[in-house]
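Structure record follows, encoded as structure tokens.
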Amino acid sequence: MPDDIVTSIQKMHQGMVTFTAEELLQIYETARSTDLEALRSAARTLYPDRKDDRGLPPIAVWEGGGRAFPYGPHGDYCRPAFTITSPLCRMLGIMEDGTPHFY
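Here my numbering is used: position 23 in the sequence shown is 23, and no number is missing along the way.
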């Protein structure tokens with residue numbers, strides 16, 4: 001009998017190295033930066049054994065974001081200035097003032 005979809009997805013991602021959203025927040029708070037090299041350095045310090053097949057911490061960052069969050073004194077919805085992510089995990093939006101929000 002073939003695997004169901006959940007079992008197939010679990011097998012496909014078995015052994016994938018990743019960070020949780022909470023770990024991404026800890027990495028960001030340690031780095032105090034959205035610069036990829038600063039984030040990787042913080043990740044190496046906090047999680048020295050967490051490396052992808054290239055030997056790098058499994059973390060990515062890009063400008064902007066796909067979701068808006070309540071932001072500012074009037075609670076207007078704004079997209080983050082940066083998004084930090086890792087495979088298979090929720091993302092972390094970083095607002096202009098550095099405030100983090102989980103996707």
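Beta carbons are placed, not taken as given, at the ideal position from N, Cα and C, and that holds for glycine.
Could you tell me which of the options sits nearest to residue i, measuring between CA atoms?
i, options, result
"Y77", "H101, D49 and L56", "H101"
"M95", "Y28, P48 and V17", "Y28"
"R79", "W62, S86, L88 and C89", "W62"
"Y103", "V17, G15, L24 and T30", "L24"
Using 10 angstroms around the beta-carbon of residue i, count the other beta-carbons present and answer buried if the total reaches 16, otherwise exposed.
i, result
"T20", "exposed"
"G93", "buried"
"L88", "exposed"
"P70", "exposed"
"T34", "buried"
"M91", "buried"
DSSP puts residue i in a beta bridge; with which residues?
i, result
"I94", "F82 and P100"
Our contact map puts residue i next to residue j with C-beta atoms below 8 Å; I'd like the distance itself, whole angstroms only.
i, j, result
"G65", "T83", "4 Å"
"R44", "P57", "6 Å"
"T18", "S86", "5 Å"
In chain order, which beta strand (DSSP E) runs of at least 3 residues are fully inside the segment 32-85? 60-63, 69-71, 76-78 and 82-85
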